[in-house]
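A quick write-up on the structure given underneath.
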Amino acid sequence: MNSNQFYSVFSLIFMASFTVSVLGQEITGLSIMQLVDDAQRQTNNSSFNKMQLSSCKFGVASGRITCAEKPRVKSLESVAKNYGPNLKDTKSVTITIEPPSERGIGMLNFTYDEIGRDNETWLYLSAIGRVKRIASGDSDEETEPASLFGSEFTTEDTETGKLEEYSFEILDETEIAGRKVWKIEMTPNEERSKKTRYSRQIHYIDKERHVALRSEMYDRYNKEVKRLMAARVELVNEVWMARSLTMMNLVTNRLSNMAFVEIYTDVTIDDEFLTQRTLTDVAFRETELEKLRLILD
Amino acid sequence: MSSRLGRARTKTTRLYSFIFLFGVIYGQDNSNKSLDDILLDDNIDFAFDDSIFNSPFETEQESSTNDWLDNFTIKVSQQLYSQINHHRIPITPTLSIDRKRDLEINRLGTNVRYQNVFAPGWLLQASAQLRLHWAGDYQSEVENKNFEWEFRGNELFLQRSFANQTIKLGRQTVVWGETLGNSVLDVININEFRDFSIIDIEDARLNQWLLVWDFFGDDSDFSSFINFFPEFNPNPVRGSPFFFEMPFDLTEYDREGDLIFEVGTKWKRSFKGSDVSLMAAYLYENQLSFDVPSEAFKNPKPKVNDFVLFGFSVNRALGKLLLNLDIAYSHDVLLGSFNFLSNTSMNSGSSSKANRLGTSFGFEYAVNNNQNISIGIQAQKLTNIDSTPLDNFSGNERKVFGSWLARYSNAFNNGNLTVSSTLQGDLKGESLLALMDVTYNLNDKWAISTQIISISAADNSPLFLFSEDVRLGATVSFSF
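Protein sequence lines correspond, in order, to chains A and B.
Taken in order, the first sequence gives residues 3 to 299; the numbers are from my numbering.
Taken in order, the second sequence gives residues 6 to 485; the numbers are from my numbering.
Okay, structure coming up:
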């Protein structure tokens with residue numbers, strides 16, 4: 003897992019309000035998703051987040067989805083910053099704060115916009131005491147997306163950009179949870195099909211706030227395998243975003259909830275912080291994080 | 006006797022094959038059940054109630070409070086291990102050792118870790134462990150007590166980080182190399198070979214008094230250390246599985262005022278899809294060397310040996326595959342010090358040295374998000390042996406020798422349940438250790454794990470005294 007993916011999650015597929023109006027031009031699925039993509043980068047850049055990641059087996063009770071067991075909860079802190087041409091590459095680091103048995107486990111991730119260039123991930127396991135590179139190249143054929151901290155969120159669910167590798171179609175204009183939405187089908191092209199587990203995805207984008215309220219992921223047999231639901235859509239730093247995302251795995255009957263407890267953007271982040279040193283050097287990491295916490299307080 | 010040994014090995018081979026395959030088969034994802042019975046239609050309200058996730062937005066204020074207790078991480082665990090296969094180990098046609106079913110380990114362990122960034126750029130870190138050996142544990146049996154306890158300080162260091170440098174002074178570990186499990190470069194940290202129980206790697210490592218200096222450059226990093234007080238692998242504890250009675254006792258190294266130290270430096274750089282390291286160090290071999298005493302009733306004195314190591318380490322990520330390679334060239338290592346540690350690994354009275362070229366190659370393959378296969382091979386070769394007659398040695402050191410390791414693991418339910426199986430053997434095919442482990446995390450605090458370990462060894466293997474041993478173990482732990 004990597005912290006960039008967290009930003010990607012709430013940005014790419016689901017969220018963001020746009021100062022750019024799509025009114026006055028032909029509305030297409032691609033144009034809507036392009037705006038979402040731009041908003042994602044806006045929210046990624048120079049950000050510091052505190053998150054809670056909860057996972058459990060789920061069931062249906064009284065017409066509502068609920069945990070069928072006590073959820074396992076992780077508290078995380080993450081920092082991200084954009085680099086490269088047009089700020090389309092992202093470096094991010096995420097550190098586990100709780101539970102105590104996993105404290106200090108961290109991940110550094112470099113995400114490249116360049117087609118064909120693998121993203122790079124390093125994991126620090128405090129028990130092993132060293133940084134370990136993770137094979138997580140997502141541009142190779144048949145590559146399995148990596149799980150985010152063992153949750154139901156994967157790198158593919160949170161991937162950014164590469165919209166040119168998909169075709170889009172607005173299937174319907176309907177309502178969900180009392181909100182008017184565009185129902186957009188996102189289908190990978192032949193090249194992308196080799197790299198994705200999903201034959202298609204359907205997103206329900208809030209027409210007014212431009213937040214995906216629901217997303218459905220289908221496998222190659224056209225069976226819905228995952229569903230993502232958004233809640234707590236709030237205006238954060240002039241951007242509408244879902245602060246609570248829940249990914250349901252309809253095959254394993256388990257779900258993970260990603261709660262953005264605190265979100266800060268446009269903070270000053272030293273380039274040195276987004277290196278492997280942050281994973282291993284506790285004094286350096288905590289000193290820099292404390293600076294961020296104090297600024298935000 | 007050979008036919009009896011052959012039948013016994015066949016039995017053991019079947020057993021560890023079963024252990025490994027059971028792990029693989031059980032580890033397969035069998036969770037592809039349909040959830041059609043759970044209707045997910047538009048009529049269902051999917052607005053999740055935050056309360057089912059511990060109300061994260063309501064606990065925001067609480068989480069921001071800084072309690073001094075947050076600096077502590079404590080783990081309490083109770084461990085039981087038994088040798089469950091009653092068998093005999095033939096030593097000669099007329100002599101054999103009876104290996105009865107026996108409880109070997111019954112201990113309660115507490116690990117405490119303290120980590121406090123008490124000022125900007127300053128870190129104080131300490132860790133220690135306390136073990137209580139209950140009745141039945143080999144350590145309390147030896148002392149003929151109902152329980153025996155021991156305390157060990159692990160880490161105690163002060164760290165100062167500033168600009169692009171970090172200095173750490175105190176008791177700590179330094180880890181080198183890329184290959185997990187079979188690294189030839191992870192030479193700074195020495196392991197506590199006490200018994201066959203499975204313990205956390207933090208417990209296994211023996212921290213040493215070091216001064217470590219790290220420099221973080223724009224493109225590459227340097228790390229250097231000085232070890233002021235090199236320590237060595239502890240001798241087998243009387244009563245432990247590794248201990249066998251001999252007419253003499255192994256003694257600890259007596260420094261007698263000798264000033265010995267270790268020093269090393271490492272350069273590391275990350276390239277596109279790859280990390281590369283170069284290392285050089287002046288070290289002492291972790292394993293003490295003993296000569297069989299020439300006089301009766303006299304204990305052998307351990308010998309220490311210094312040598313120089315040059316190392317190269319690299320990894321390469323290729324999609325789901327991660328390749329690791331360590332190469333180490335050691336100058337002037339002591340012959341006979343490569344054997345598995347036990348009272349049986351005695352030298353024959355020589356101090357011959359040689360240069361050693363070691364390589365460790367491994368790969369990890371992520372089958373999917375939950376399943377992982379890793380394989381490592383470690384091989385060593387002596388490149389020049391000095392003029393001392395080789396008749397003093399078994400001859401094993403003249404050939405390529407080393408070990409291999411294969412591991413499969415599968416995690417279920419977001420990592421709550423992990424099943425893994427491991428096979429480890431030597432390159433000559435003389436010994437094989439099979440391990441299956443099932444760990445279940447009941448919640449964030451409680452975990453329970455069970456292991457079964459089987460050993461098969463030829464009579465010329467350093468492990469032959471453990472051949473046909475089967476151990477069953479369980480550990481319950483509580484972390485907070």
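Every residue gets a Cβ at the ideal spot worked out from N, C-alpha and C, and that includes glycine.
{"Query": "Endpoints, the alpha helix (DSSP H) within which A:Y223 is located", "Result": "No alpha helix (DSSP H) holds A:Y223; DSSP gives it neither H nor E."}
{"Query": "For B:T78 and A:P102, the rounded distance between their alpha carbons", "Result": "6 Å"}
{"Query": "Boundaries of the alpha helix (DSSP H) in which A:I297 is found, first to last residue", "Result": "284-298"}
{"Query": "Residue-chain proximity (B:L313, chain A), Cβ-Cβ < 8 Å", "Result": "Residue 313 of chain B is actually Val in this sequence, not Leu. No, its Cβ sits nowhere closer than 8 Å to a Cβ of chain A."}
{"Query": "Neighbourhood of B:N76 by C-beta, 7 Å cutoff - its chain only, sequence neighbours within 5 removed", "Result": "Y119, Q120, N121"}
{"Query": "8 Å Cβ cut-off: residues of chain B touching A:V284", "Result": "Q120, V122, L128, Q130, Q164"}
{"Query": "Below-8 Å beta-carbon distance, B:N320 vs any chain A residue", "Result": "yes"}
{"Query": "Neighbour flag for A:D120 against chain B, beta carbons, 8 Å", "Result": "yes"}
{"Query": "Entirely enclosed beta strand (DSSP E) segments - the stretch 69-140 of chain A, minimum 3 residues", "Result": "74-85, 91-100, 108-113, 122-127, 132-136"}
{"Query": "DSSP-derived helix/strand/coil call for B:N397", "Result": "Low per-residue confidence applies at B:N397: pLDDT is 47, beneath 50, and the placement is therefore not dependable, though the value from the model is reported in the following sentence. Here B:N397 sits in helix by DSSP."}
{"Query": "Closest by C-alpha distance to B:Q213, when choosing among B:V179, B:R112, B:T171", "Result": "B:V179"}
{"Query": "Proximal residues of chain B, C-beta to C-beta of A:A261 below 7 Å", "Result": "F58, P61, F62"}
{"Query": "Secondary structure of A:G31, DSSP reduced to three states", "Result": "helix"}
{"Query": "6 Å CB neighbourhood of A:S218 in its chain, flanking five on each side removed", "Result": "Before going on, a small fix: residue 218 of chain A reads as Glu here, not Ser. Cβ neighbours of A:E218 beyond the five flanking positions: I204, E226, R229."}
{"Query": "Which listed residue (B:S56, B:Q164, B:G182) has its alpha carbon closest to that of B:V319", "Result": "B:G182"}
{"Query": "Sequence-distant residues of its chain with Cβ nearer than 7 Å to B:L40 (five each side left out)", "Result": "Because B:L40 sits at a pLDDT of 44, beneath the cut-off of 50, its placement in the model cannot be relied upon, and the following sentence gives the value as read from the coordinates. Answer for B:L40: no residue qualifies."}
{"Query": "Cut-off 6 Å between Cβ atoms - residues of its own chain near B:V281, not counting five sequence neighbours on either side", "Result": "R274, V319"}
{"Query": "Inter-residue spacing [alpha-carbon to alpha-carbon] between B:A133 and B:R176", "Result": "11 Å"}
{"Query": "Those residues which DSSP pairs with A:H205 across a bridge", "Result": "A:I186, A:S217"}
{"Query": "Any chain A beta carbon closer than 8 Å to B:F221", "Result": "yes"}
{"Query": "Whole-angstrom distance between A:Y85 and A:A285, CA atom to CA atom", "Result": "26 Å"}
{"Query": "Same chain, Cβ closer than 7 Å to A:L165, neighbours up to 5 away in sequence not counted", "Result": "L32, M35, Q36, D39"}
{"Query": "B:F555 - partner residues in DSSP beta bridges", "Result": "For residue 555 of chain B there is no data in the structure shown, the boundaries of chain B being 6 and 485."}
{"Query": "Pick from B:D331, B:E473, B:A479 that is closest to B:K105, judged by C-alpha positions", "Result": "B:E473"}
{"Query": "8 Å Cβ cutoff, A:G86 in contact with chain B", "Result": "no"}
{"Query": "Chain A contact for B:S36 (CB, 8 Å cutoff)", "Result": "Residue confidence for B:S36 is low, a pLDDT of 40 falling below 50, so the modelled location carries little weight; the figure read from the coordinates is stated next. It does: the Cβ of B:S36 has a partner Cβ on chain A nearer than 8 Å."}
{"Query": "Beta carbon proximity, A:V183 to chain B, threshold 8 Å", "Result": "no"}
{"Query": "8 Å Cβ cutoff met for B:F237 and B:L190", "Result": "no"}
{"Query": "Nearest to B:N291 (by Cα), restricted to the options B:S279, B:K271, B:F266, B:K303", "Result": "B:F266"}
{"Query": "A:T277: contacting residues in chain B (beta-carbon distance under 8 Å)", "Result": "F221"}
{"Query": "Distance CB(B:L362)-CB(B:Q385) smaller than 8 Å", "Result": "yes"}
{"Query": "Simplified DSSP assignment, three categories, for B:D474", "Result": "coil"}
{"Query": "Whole-number beta carbon distance between A:Y206 and A:M188, since they are thought to touch under 8 Å", "Result": "Contact doesn't hold; Cβ gap of about 12 Å is too wide."}
{"Query": "Per DSSP, the bridge partner or partners of B:A371", "Result": "B:N377"}
{"Query": "Interface residues of the stretch 440-467 of chain B facing chain A [CB-CB below 9 Å]", "Result": "N446, N448, D449, K450, A452"}
{"Query": "Interface residues of chain B facing A:S153 [CB-CB closer than 7 Å]", "Result": "N419"}
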